[in-house]
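S.K.:
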Amino acid sequence: TRSAPVIAVDGPAAAGKGTLSKRLAEVLGLPHLDTGLLYRAVARRMLDEAVDPACTSGEAVARALVPEDLKRTDLRTPDVDAAASLVARDQGVRQALVDMQRLFARAQGAVLDGRDIGTVIFPDADVKLYITASARTRAVRRYMQNGGSETAPDREAHISEIEQALIARDHADSTRASAPLRMADDAVKIETDALDAAEVLAEALRITKAALERQKA
Ligand code: CDP
Ligand code: CDP
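Throughout the sequence shown, residue numbering follows full-length UniProt numbering, covering 2 to 218 in sequence.
1. Please give me, in chain order, every unbroken run of the alpha helix (DSSP H) with length at least 4 that falls completely inside the segment 81–144.
2. Determine the closest residue to Ala9 out of Ser161, Ile191, Gly148 and Ile118, with distance taken between C-alpha atoms.
3. Under three-state DSSP, which class holds Ala205?
4. Find out if the Cβ-Cβ distance for the pair Leu34, Leu113 is shorter than 9 angstroms.
5. With DSSP as the reference, please indicate the residues paired to Glu192 in a beta bridge.
6. When we look at the beta-carbon of Asp125 and count the other beta-carbons within 10 Å, is it buried (16 or more) or exposed?
7. The alpha helix (DSSP H) spanning Val62 covers which residue range?
8. Using 10 angstroms around the beta-carbon of Gly148, count the other beta-carbons present and answer buried if the total reaches 16, otherwise exposed.
9. Would you mind reading off the limits of the alpha helix (DSSP H) that contains Leu167?
10. Take the Cβ of Met145 as the centre, count every other Cβ of all protein chains shown within 10 Å, and call the residue buried at 16 or more, exposed below.
11. Report the rounded CA-to-CA distance for Ile85 versus Met184, giving the unit in angstroms.
12. State the start and end residues of the unbroken alpha helix (DSSP H) segment that holds Val43.
13. Using a Cβ-Cβ cut-off of 6 angstroms (strictly less than) and excluding sequence neighbours within five positions of Ile208, which residues of its own chain qualify?
14. Taking the alpha carbon of Thr36 as the reference point, which residue from Gly30, Arg24, Ala111 and Thr57 has its own alpha carbon closest?
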């Protein structure tokens, strides 16, 4: 039994999970963990050491992660996107990161965002949200997030390149054997194509408060 709530936020790449989870955690006074950063940090170290993440297990790297690894500023590059998804297939890596994620929430509860929070890390989470949008919407979001311009002549080409990479990563994440991306049966889905970040937050808060009230009753 836990005294503080655990809120699971899952969904495909660039759906707005991190943005939502950070704000949700602030409003509810809970710690927030972006679990994608764990996989990114393992991938980053392997790229730095020129270890091929497709061939060699990153389990030892995962076990040796320190908080500073998660604060690096070079974790969101396209090479790390792809390498993170590769290391995330590795059962040894995933196992090494499980306890870290569970311990994070133990003392004060938490909002955690990722791919398998509601299915594997916290199957008994108090609230499970599944945040999604079309690949096109998500590609535009990532393009803008990375400083893309509304009027650049190569805008379309750039967005479709991002979209193809997102689709490939979602496919890999959804079809892998261990802890694939999947909506938990008891998650609430938020389709965000037509919603801005503030509207997604409002909807998530409404769902969360209703779920926590129901539990108290
Ligand atoms: O921010 P974005 O949605 O693009 O990616 P992320 O959440 O930082 O996750 C990067 C990669 O880590 C994903 O493509 C997954 O392969 C992996 N991941 C995972 O397997 N399980 C999680 N709980 C979180 C991330
Ligand atoms: O964590 P994840 O990869 O799912 O997405 P993110 O990095 O939180 O969000 C990607 C971008 O979409 C950010 O620049 C947000 O400001 C923007 N955005 C959003 O998060 N939610 C919306 N409903 C609309 C845009």
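C-beta: ideal position from N, C-alpha, C; glycine also.
M.R.: This is what the structure holds:
1. 92–107
2. Ile118
3. helix
4. yes
5. Thr133
6. exposed
7. Glu60 to Arg64
8. exposed
9. Arg156 to Thr176
10. exposed
11. A quick correction: the sequence has Ala, not Ile, at residue 85. Looking at the two C-alpha atoms, the distance is approximately 20 angstroms.
12. Gly37 to Asp49
13. Val189
14. Ala111
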